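Working notes, structure below.
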Amino acid sequence: MPLRGIRNAAHGLAYYSRLQEVTANNLANASTDGFKVDRLTGRMLDGQSYPVPVEHLDLRQGALRQTGRDLDVALEGDGFLVVKTPAGERLTRGGSLKLDGDGLLTDGEGNPIQGERGPIILGAGKVEIQGDGTVLVDGAPLDQLRRATVADPGQLKKEGAGRFVPPDGVKLIDAEKLLVRQAQIEDPNNDAVLGMIDLVTIQRAYAANVDALKAMDGVLGTIAGDIGRVG
Amino acid sequence: MNPGLRTSASGMKAQQLMVDTIANNLANVNTTGFKRSRVSFEDVLYETLEGARTVNPQDSQTLAPIQIGKGVRLAAIARLHTQGAPEQTGRTLDVAIEGDGFFQVQKPDDTIAYTRDGSLSVSDTGALVTHGGYRVLPNVTLPPDVQDVTISPSGIVSATGAGGTPVELGRIELARFVNPSGMMSLGENLFGETAASGRPLTGYPQEQGFGRLLQGMLESSNVEIVQEMTDMIAAQRAYEINAKAIRAGEEMMQATNDLIR
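Each protein sequence line maps, in turn, to chains A and B. Quick note: the first sequence uses this note's numbering, first residue 206, plus one each step. Quick note: the second sequence uses this note's numbering, first residue -1, plus one each step.
Have a look at this one:
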């Protein structure tokens, strides 16, 4: 019994140190445009006596903030913009877009943002992006930003720089209800106060597991050292 | 070692950068034609501990992948070219642009720089120059006996000489860019063209989407003190919270160390 208890406590420690890392990452991204927090919870699975960490992506909307920069793009609602990276199509919540030397519209890292007709090349002129993603240059429609999502956004993986990777073989579906907001930025959807509380809870729970482990170790010591003693 | 420590350290570094940028914005709250900067951050690589997996084959229960993020890094510092409030100065050669566009000026090395700072003056040869002494393009030369200069909203410069009749001397041209925040700051309120800003498109004020000129006015800085101060407080708090996360991680490591007697 104490041996199993030690194993359970060790799983508990591993779980809480993962949780601490995830919380630290959420807090480190307290000012990251379009950031979506990760939530790690423990789940009891059949036949197991310790929690298995389960992570899910919290895709709730972040607050929109006006920047006045024409190439800042925020999204309102469920869905993403599509960006083409050397490794394939990725999803993004927008952000500070840029132009490369040829006038190609890209994300912050230079990956082309996809329109309904492929990459978008903006000539010189005043850029207007409408709610449905239509891009106009000097009043003339040029293309429409491709708005997409996947059937189960919970299965998206992150790869950094605000990009989400659709699972292998999963088709992108249109996200027609998604609104595109020009000259705005989506704030991260993390809550610093909750994060603070999480940190304290994690630390205490970790300490409790350490104490449990020590107690179990003491019981084992008694069994091995005292009960087994002869005479 | 707890990898969360490094993550939190990157968070502290990011907030430090945020405070530095805000401090520079605040320092330029009275700089003519100054455009505030905004820092943007991005999340960094994620370590995938376990991919998406099925735990109960009977009821095909699947769990999402477990990924641990490694913190944050700087994505860009973009200058926000929004309009600053035009401020009345009453000086004849102060010109503000209301709307899109930059004055074009010629640097001594013959390259062209761009500015929104229209505090102009007249050089010894009669040319219109910026306060840094750079000639405004296209060249407008004022006659030596000039008494009064008018600059119309559409950029036409006319002067009244000793004769008393106004003479048209030229027209100021403006340039604009698709992505002005991609321009490079050259100091002295000047900006330079880069690959990211796109090619300059030139035209006359009040035409093809260019702004109009306001004589006797200067464009003030677009920094808003209240906004910068709130951002500063938020950055300070976020800095503290990341420091606390380091403390929490450190205490957890300490607790683990205490296990070994």
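Don't be surprised by glycine CBs; every beta carbon is placed ideally from N, CA and C. Just so we're clear, the structure is a prediction, and the values are computed from it rather than from any experiment.
- Annotation for residue 84 of chain B: 94, 96, 212, 215, 216, 217, 218 place their beta carbon closer than 8 Å to its own, counting only its chain and skipping 5 residues before and after.
- Here DSSP, grouped into helix, strand and coil, assigns residue 91 of chain B to coil.
- In this chain, residue 112 of chain B is not harboured by any alpha helix (DSSP H); it is covered by the beta strand (DSSP E) spanning 110 to 113.
- With contacts defined by Cβ atoms closer than 9 Å, residue 326 of chain A and residue 387 of chain A do not form a contacting pair.
- In the three-state reduction of the DSSP assignment, residue 294 of chain A falls in the strand class.
- Interface annotation for the segment 118 to 131 of chain B against chain A: empty, criterion Cβ-Cβ distance under 8 Å.
- Among the residues of the segment 11 to 45 of chain B, those with a Cβ less than 8 Å away from any Cβ of chain A are 12, 13, 16, 36, 37, 38, 39, 40, 41, 42, 43, 44, in the order of the chain.
- For chain B, the residues of the segment 224 to 235 of chain A that bring a beta carbon within less than 9 Å of one of its beta carbons are 225, 226, 227, 228, 229, 230, 231, 232, 233, 234, 235, in chain order.
- Residue 133 of chain B sits in a strand when the DSSP states are folded into three classes.
- The three-state secondary structure of residue 155 of chain B, taken from DSSP, is strand.
- Boundaries of the beta strand (DSSP E) around residue 146 of chain B: 146 to 149.
- In the same chain as residue 346 of chain A, and ignoring 5 residues on each side of it, the C-beta atoms closer than 7 Å to its own belong to 339, in chain order.
- Taken atom to atom, the span from the alpha-carbon of residue 322 of chain A to that of residue 350 of chain A is near 9 Å.
- Within 10 angstroms of the beta-carbon of residue 178 of chain B lie 16 or more other beta-carbons, which makes it buried.
- Unbroken beta strand (DSSP E) stretches of 3 residues or longer found wholly inside the segment 356 to 403 of chain A: 368 to 370, 384 to 387, 389 to 391, given in chain order.
- In the DSSP assignment, residue 339 of chain A falls within the beta strand (DSSP E) that extends over 339 to 342.
- Note on geometry: alpha-carbon atoms of residue 283 of chain A and residue 156 of chain B lie some 56 Å from one another.
- Taking all protein chains shown into account, residue 74 of chain B has 16 or more neighbouring C-beta atoms within 10 Å of its C-beta and is therefore buried.
- By the 16-neighbour rule on beta-carbons within 10 angstroms, residue 376 of chain A is exposed.
- In the three-state reduction of the DSSP assignment, residue 261 of chain A falls in the strand class, which pools E and B.
- By the rule that beta-carbons nearer than 9 Å mark a contact, residue 328 of chain A touches chain B.
- As DSSP reads the structure, residue 189 of chain B sits in a beta bridge with B/112, B/183.
- Taking every protein chain shown into account, the CB of residue 250 of chain B has 16 or more other CB atoms within 10 angstroms, so this residue is buried.
- Residue pairing by DSSP leaves residue 124 of chain B without any beta bridge partner.
- In this structure, the CA atom of residue 231 of chain B is about 43 Å from the CA atom of residue 153 of chain B.
- Residue environment analysis places residue 92 of chain B among the buried positions, since at least 16 neighbouring C-beta atoms fall within 10 angstroms of its C-beta.
- Closer than 9 Å to the CB of residue 68 of chain B there is at least one CB belonging to chain A.
- By DSSP's assignment, residue 67 of chain B forms a beta bridge with B/44.
- Residue 393 of chain A sits away from residue 295 of chain A, with the two beta carbons spaced by 9 Å or more.
- Note on geometry: alpha-carbon atoms of residue 292 of chain A and residue 430 of chain A lie some 59 Å from one another.
- With a threshold of 16 other beta carbon atoms within 10 Å, residue 166 of chain B falls short and is exposed.
- Between residue 30 of chain B and the set B/244, B/117, B/171, the nearest pair of CA atoms involves B/117.
- The Cβ atoms of residue 114 of chain B and residue 22 of chain B do not sit closer than 9 Å to each other.
- By the Cβ-count criterion, residue 389 of chain A is buried, with 16 or more other Cβ atoms from all chains shown falling within 10 Å of its own Cβ.
- What residue 254 of chain A touches in chain B, judged by beta-carbon distance under 9 Å, is nothing: the nearest beta carbon there is about 15 Å away.
- When the beta-carbon positions are compared, residue 408 of chain A and residue 225 of chain A come within less than 9 Å of each other.
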